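*Asks:*
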Amino acid sequence: MSVCGDYNPTIVTKVERPPRNIIDEFKNLSTPNVSDALERNRVNGVVENLRPMVSGVRIAGPAITVRYVPLSPGEEGTKEDIGDYLFEIAQQGDVIVIDNGGVTTYTCWGDILTFTAVKLGIAGTVIDGMFRDYDNILKMRYPIFARGTIPRTGKDRLQIDGVNVAVEVGGILVRPGDIILGDDTGVLRIPKEKAADILKDAKQVEEAERMIIDSVSSGLTLREARQKYRYFQLQRATR
Amino acid sequence: MSVCGDYNPTIVTKVERPPRNIIDEFKNLSTPNVSDALERNRVNGVVENLRPMVSGVRIAGPAITVRYVPLSPGEEGTKEDIGDYLFEIAQQGDVIVIDNGGVTTYTCWGDILTFTAVKLGIAGTVIDGMFRDYDNILKMRYPIFARGTIPRTGKDRLQIDGVNVAVEVGGILVRPGDIILGDDTGVLRIPKEKAADILKDAKQVEEAERMIIDSVSSGLTLREARQKYRYFQLQRATR
Amino acid sequence: MSVCGDYNPTIVTKVERPPRNIIDEFKNLSTPNVSDALERNRVNGVVENLRPMVSGVRIAGPAITVRYVPLSPGEEGTKEDIGDYLFEIAQQGDVIVIDNGGVTTYTCWGDILTFTAVKLGIAGTVIDGMFRDYDNILKMRYPIFARGTIPRTGKDRLQIDGVNVAVEVGGILVRPGDIILGDDTGVLRIPKEKAADILKDAKQVEEAERMIIDSVSSGLTLREARQKYRYFQLQRATR
Numbered sequence: 001m002s003v004c005g006d007y008n009p010t011i012v013t014k015v016e017r018p019p020r021n022i023i024d025e026f027k028n029l030s031t032p033n034v035s036d037a038l039e040r041n042r043v044n045g046v047v048e049n050l051r052p053m054v055s056g057v058r059i060a061g062p063a064i065t066v067r068y069v070p071l072s073p074g075e076e077g078t079k080e081d082i083g084d085y086l087f088e089i090a091q092q093g094d095v096i097v098i099d100n101g102g103v104t105t106y107t108c109w110g111d112i113l114t115f116t117a118v119k120l121g122i123a124g125t126v127i128d129g130m131f132r133d134y135d136n137i138l139k140m141r142y143p144i145f146a147r148g149t150i151p152r153t154g155k156d157r158l159q160i161d162g163v164n165v166a167v168e169v170g171g172i173l174v175r176p177g178d179i180i181l182g183d184d185t186g187v188l189r190i191p192k193e194k195a196a197d198i199l200k201d202a203k204q205v206e207e208a209e210r211m212i213i214d215s216v217s218s219g220l221t222l223r224e225a226r227q228k229y230r231y232f233q234l235q236r237a238t239r
Numbered sequence: 240m241s242v243c244g245d246y247n248p249t250i251v252t253k254v255e256r257p258p259r260n261i262i263d264e265f266k267n268l269s270t271p272n273v274s275d276a277l278e279r280n281r282v283n284g285v286v287e288n289l290r291p292m293v294s295g296v297r298i299a300g301p302a303i304t305v306r307y308v309p310l311s312p313g314e315e316g317t318k319e320d321i322g323d324y325l326f327e328i329a330q331q332g333d334v335i336v337i338d339n340g341g342v343t344t345y346t347c348w349g350d351i352l353t354f355t356a357v358k359l360g361i362a363g364t365v366i367d368g369m370f371r372d373y374d375n376i377l378k379m380r381y382p383i384f385a386r387g388t389i390p391r392t393g394k395d396r397l398q399i400d401g402v403n404v405a406v407e408v409g410g411i412l413v414r415p416g417d418i419i420l421g422d423d424t425g426v427l428r429i430p431k432e433k434a435a436d437i438l439k440d441a442k443q444v445e446e447a448e449r450m451i452i453d454s455v456s457s458g459l460t461l462r463e464a465r466q467k468y469r470y471f472q473l474q475r476a477t478r
Numbered sequence: 479m480s481v482c483g484d485y486n487p488t489i490v491t492k493v494e495r496p497p498r499n500i501i502d503e504f505k506n507l508s509t510p511n512v513s514d515a516l517e518r519n520r521v522n523g524v525v526e527n528l529r530p531m532v533s534g535v536r537i538a539g540p541a542i543t544v545r546y547v548p549l550s551p552g553e554e555g556t557k558e559d560i561g562d563y564l565f566e567i568a569q570q571g572d573v574i575v576i577d578n579g580g581v582t583t584y585t586c587w588g589d590i591l592t593f594t595a596v597k598l599g600i601a602g603t604v605i606d607g608m609f610r611d612y613d614n615i616l617k618m619r620y621p622i623f624a625r626g627t628i629p630r631t632g633k634d635r636l637q638i639d640g641v642n643v644a645v646e647v648g649g650i651l652v653r654p655g656d657i658i659l660g661d662d663t664g665v666l667r668i669p670k671e672k673a674a675d676i677l678k679d680a681k682q683v684e685e686a687e688r689m690i691i692d693s694v695s696s697g698l699t700l701r702e703a704r705q706k707y708r709y710f711q712l713q714r715a716t717r
């Protein structure tokens with residue numbers, strides 16, 4: 001962390017991403033089904049306290065991370081933000097994950113960043129904090145998960161502590177390249193090393209849940225359908 | 240309340256419901272007008288801290304209740320939830336009312352329960368807690384009033400303490416068969432014994448408010464229109 | 479403030495409003511751009527903790543203010559509210575600003591007031607508190623910024639302490655005639671004496687931000703475009 005006028009952020013440009021086909025399969029799964037699969041694998045991945053701010057969108061992609069910290073007295077002012085690095089480090093389909101420490105009094109994202117992200121094919125942004133220019137972002141239907149909106153700028157209030165370092169958002173550790181999954185229910189982080197196992201389990205959960213709904217459609221009671229497909233065991237560790 | 244591995248919930252299957260014609264008349268009234276009528280009858284019925292999660296829907300129906308409590312160490316895991324009882328106890332037009340103690344870290348409702356509820360003709364669900372599968376529930380336009388959404392399951396975190404017992408949601412006692420009214424403004428509970436009186440008063444409030452709006456349309460000032468229809472007395476007890 | 483049955487509110491009917499052409503120009507600007515201009519002028523104007531309750535609307539207009547205070551034991555009940563004064567004091571395009579002390583347990587605005595406000599051509603309402611009749615207000619697409627909705631009336635709970643006095647909403651002082659700007663991101667107050675300076679600066683901010691987006695469209699990186707238009711200095715005082 002920089003102190004007293006030093007601005008010396010850690011910038012990591014190389015990110016190891018999971019295979020694209022795994023990410024694409026996650027995109028067809030809901031956060032609840034994948035959350036159950038995370039539990040099967042004894043991984044905590046539910047990001048808390050962030051809301052889906054654009055209804056009806058769904059994202060899955062590798063995390064590009066940034067950690068912001070406040071300026072201290074004596075520091076010189078904001079010189080750059082994640083936008084200055086996007087052209088170098090972000091690829092199509094990435095998800096920007098911003099740790100602004102849950103600050104709700106000023107923003108760290110707006111429409112210039114959104115316009116740039118859309119141009120680069122970035123999938124969406126997850127912010128432990130606030131953003132602005134909500135009207136324009138709603139028009140673009142750009143996926144954002146955040147604490148809320150406020151007009152006040154983060155300029156001269158925040159500075160970059162690190163890009164593509166491990167960050168914490170909504171109580172969850174996110175490392176660059178971890179898969180971020182978001183939908184109307186919320187946001188998950190899937191550790192990249194376990195992505196294949198979690199995908200397999202999530203597909204089993206989804207399949208079982210679909211069978212339960214089909215069974216109720218066909219005339220079983222919900223109790224019968226659940227027993228048939230072991231509903232209350234779906235989230236339990238099998239490994 | 241069950242302790243240390245005992246799972247012995249209180250299940251009541253028989254619910255005394257108010258007459259259907261009374262419920263149907265409530266469905267045409269707004270929660271604000273009925274809230275004023277509750278005050279006239281010195282009844283507190285405003286459920287606090289729950290949000291209407293599907294915009295533009297309105298529900299009125301008798302409550303089917305469930306109280307969940309957390310699992311304790313030594314307990315064996317969730318064996319059933321309200322869904323297992325729906326086929327036995329719920330009738331078309333009922334409202335499911337769930338007391339999950341205001342828990343925001345895991346859910347107690349999702350799309351399988353919603354699909355089942357829709358199949359059974361259930362009117363909606365009121366949850367002092369969270370739910371998941373919001374995207375699917377929005378598509379079904381199934382009315383839910385809750386604290387919010389999160390992907391994490393309640394399975395192996397909660398258990399039934401009672402079905403069709405008295406519960407507390409948003410600071411209000413709800414007994415099975417009490418009428419639940421919900422719209423974009425919020426949720427009310429109307430005690431079944433007083434439903435007829437409250438309905439009568441609510442219709443008077445609605446009529447007076449309509450006359451005030453008509454009078455302003457016709458050229459009176461709001462001050463004049465309110466004095467004519469005793470606006471500031473509408474919520475006062477007359478019995 | 480009135481005590482023990484005294485009801486003696488301060489009512490000011492004459493409000494000095496900024497020129498209409500200045501207000502109309504603000505209506506084309508976003509709260510983020512104007513927020514940056516407020517900072518340039520060393521003015522704090524960001525109203526916190528109120529949410530835009532009707533999506534996709536934008537307001538700019540001079541404030542007509544009301545301060546409510548709770549009834550105390552011994553007081554006689556609500557005799558009037560802001561609606562009783564609207565016909566005398568509000569003009570087309572005004573914004574009603576209500577300081578209800580952030581109370582979330584009862585309302586101070588509803589559909590009769592909204593209907594009357596629409597009839598009078600009032601632009602919108604900002605409430606540090608709650609409102610009701612959200613369904614009807616959504617249908618009218620009347621702009622409201624507030625803490626949320628609840629059915630419970632404020633009648634016999636609140637009384638007027640002052641109309642067109644200085645009030646506090648969301649941590650910001652608002653005086654009658656100050657310009658209120660609201661959009662999907664939030665609400666600002668622009669002090670009337672500084673409106674012309676702030677407007678000029680906000681247009682510069684908007685112009686610079688548009689140039690940055692155009693430059694990224696034309697192939698510059700965001701870093702290059704920002705340096706060209708001095709992005710990180712836009713909010714800094716120049717006077």
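Chains Y, C and L, in that order, give the protein sequences.
Residues in the first sequence are numbered from 1 upward in steps of one, following the working numbering.
Residues in the second sequence are numbered from 240 upward in steps of one, following the working numbering.
Residues in the third sequence are numbered from 479 upward in steps of one, following the working numbering.
Glycine included, every Cβ here is placed at the ideal spot set by N, Cα and C.
This structure is a prediction, so every number in the text was calculated from the model and none was measured.
State the Cα-Cα distance for the pair Thr10/Y and Thr699/L, rounded to the nearest angstrom.
*Replies:* Distance between the alpha carbons of Thr10/Y and Thr699/L: 21 Å.
*Asks:* Please list the residues of the segment 126-140 of chain Y that have a C-beta atom closer than 7 Å to any C-beta atom in chain B, keeping them in chain order.
*Replies:* As a matter of chain content, chain B is missing from the structure shown, whose protein chains are Y, C and L.
*Asks:* Pull out every residue of the segment 656-668 of chain L whose Cβ sits closer than 7 Å to any Cβ of chain Y, in chain order.
*Replies:* Taking 7 Å as the Cβ-Cβ cut-off against chain Y, the residues of the segment 656-668 of chain L that qualify are Asp661, Asp662, Thr663, Gly664 and Leu666.
*Asks:* Over what stretch of residues does the beta strand (DSSP E) that includes Pro309/C continue unbroken?
*Replies:* Ile298 to Pro309 is the span of the beta strand (DSSP E), which, as asked, contains Pro309/C.
*Asks:* Please state whether DSSP places Ala276/C in a helix, a strand or coil.
*Replies:* Three-state result, Ala276/C: helix.
*Asks:* With Gln443/C as the anchor, note down where its alpha helix (DSSP H) starts and where it stops.
*Replies:* Element bounds for Gln443/C: Ala434 to Ser456.
*Asks:* Would you tell me roughly how many angstroms separate the C-alpha atoms of Gly101/Y and Glu48/Y, rounded to the nearest one?
*Replies:* In a straight line, the C-alpha of Gly101/Y is about 13 Å away from that of Glu48/Y.
*Asks:* In chain order, what residues of the same chain lie with their CB nearer than 6 Å to the CB of Met53/Y, ignoring the 5 residues before and after it?
*Replies:* Cβ within range, chain order: Ile144 and Ala146.
*Asks:* Starting from Arg708/L, find everything on chain Y with Cβ-Cβ shorter than 9 Å and list it in chain order.
*Replies:* Here the premise fails: no neighbours, minimum Cβ distance about 11 Å.
*Asks:* Any contact of the segment 88-105 of chain Y with the segment 117-132 of chain Y, i.e. 3+ C-beta pairs under 8 Å?
*Replies:* These segments touch.
*Asks:* Taking DSSP as the reference, what is the three-state secondary structure of Arg226/Y?
*Replies:* Note: Arg226/Y maps to helix in three-state DSSP.
*Asks:* Using only the alpha-carbon positions, how far apart do Ile180/Y and Pro62/Y sit?
*Replies:* Distance between the alpha carbons of Ile180/Y and Pro62/Y: 6 Å.
*Asks:* Going by beta-carbon coordinates alone, are Gly401/C and Ile298/C separated by less than 8 Å?
*Replies:* It is not a contact, given that the beta carbons lie outside the stated cut-off.
*Asks:* If contact means a Cβ-Cβ distance below 8 Å, which residues of the segment 144-163 of chain Y contact chain C?
*Replies:* So the list is empty, because no residue satisfies the distance condition.
*Asks:* At 7 Å on the CB atoms, spell out the chain L contacts of Gly102/Y, in chain order.
*Replies:* By Cβ distance, chain L contributes nothing, its closest Cβ being about 15 Å from Gly102/Y, past 7 Å.
*Asks:* Taking the alpha carbon of Arg545/L as the point to measure from, which residue in Ile668/L, Ser693/L, Gly599/L and Asn642/L has its own alpha carbon closest?
*Replies:* Comparing Cα positions, the closest option is Asn642/L.
*Asks:* Distance, Cα to Cα, Phe265/C vs Asp589/L?
*Replies:* Rounded to whole angstroms, Phe265/C to Asp589/L spans 19 Å at the Cα level.
*Asks:* Could you tell me if Pro73/Y is buried or exposed, where buried requires 16 or more neighbouring beta carbons within 10 angstroms of its beta carbon?
*Replies:* Exposed is the call here.
*Asks:* Does Arg462/C have its Cβ less than 8 Å from a Cβ in chain L?
*Replies:* It does; some Cβ of chain L falls within 8 Å.
*Asks:* Under the assumption that Asp572/L contacts Ala601/L (Cβ atoms under 8 Å), give the Cβ distance between them as a whole number of angstroms.
*Replies:* Right, the Cβ-Cβ distance comes to about 6 Å (below 8 Å), so this counts as a contact.
*Asks:* Within this structure, are the beta carbons of Thr344/C and Val413/C separated by less than 8 Å?
*Replies:* The answer is no: Cβ separation not under 8 Å.
*Asks:* Mark Arg670/L as exposed unless 16 or more other C-beta atoms lie within 10 angstroms of its C-beta, in which case mark it buried.
*Replies:* The amino acid occupying residue 670/L in the given sequence is Lys; Arg does not appear at that position. Its Cβ being crowded by 16 or more others within 10 Å, Lys670/L is buried.
*Asks:* In the DSSP assignment, find the alpha helix (DSSP H) that holds Glu25/Y and state where it starts and stops.
*Replies:* Note, Glu25/Y: alpha helix (DSSP H), Arg20 to Lys27.
*Asks:* Excluding the 5 residues flanking Gln235/Y on each side, which residues of the same chain have their C-beta closer than 7 Å to its C-beta?
*Replies:* These residues qualify, in order along the chain: Asp36, Glu39 and Arg40.
*Asks:* Can you check whether the CB of Lys318/C is closer than 8 Å to the CB of Tyr246/C?
*Replies:* Yes, Cβ-Cβ distance for Tyr246/C and Lys318/C is below 8 Å.
*Asks:* Can you tell me which of the three DSSP states Ala146/Y falls into?
*Replies:* Three-state result, Ala146/Y: strand.
*Asks:* From the DSSP output, read off the bridge partner residues of Arg667/L.
*Replies:* DSSP lists Ile658/L as partners of Arg667/L.
*Asks:* Quick one: which unbroken beta strand (DSSP E) runs of 3-plus residues sit fully inside the segment 105-136 of chain Y? Chain order, please.
*Replies:* Listed in chain order, they are 124-128.
*Asks:* For Gly349/C, go through chain Y and note every residue whose CB falls closer than 7 Å to its CB, in chain order.
*Replies:* Residues of chain Y passing the Cβ test: Pro32.
*Asks:* DSSP three-state label for Asp161/Y, please.
*Replies:* Looking at Asp161/Y - three-state DSSP - the assignment turns out to be strand.
*Asks:* Of all the options Val15/Y, Ser55/Y, Ser30/Y and Gly154/Y, which has the alpha carbon lying nearest to the alpha carbon of Asp201/Y?
*Replies:* That would be Ser30/Y, whose Cα lies nearest to the Cα of Asp201/Y.
*Asks:* Mind pulling the chain L residues with CB within less than 8 Å of Phe87/Y?
*Replies:* Near Phe87/Y (Cβ distances below 8 Å), the residues of chain L are Thr699, Leu700 and Arg701.
*Asks:* Which two residues bound the contiguous alpha helix (DSSP H) that contains Ile567/L?
*Replies:* From DSSP, the alpha helix (DSSP H) with Ile567/L extends over Gly561 to Ile567.
*Asks:* Taking Arg141/Y as the reference, which of Val169/Y, Leu188/Y, Ser55/Y and Ser215/Y has the closest Cα?
*Replies:* Per the Cα distances, Ser55/Y.
*Asks:* Could you pull out every residue in the same chain whose Cβ sits closer than 7 Å to the Cβ of Leu199/Y, ignoring the five residues on either side in sequence?
*Replies:* The answer, listed in chain order, is Ile22, Glu25 and Phe26.
*Asks:* Can you give me the Cβ contacts of Val444/C inside the same chain, cut-off strictly under 7 Å, excluding the 5 residues immediately before and after it?
*Replies:* Taken in chain order, the residues that qualify are Asn272, Asp275, Ala276 and Leu473.
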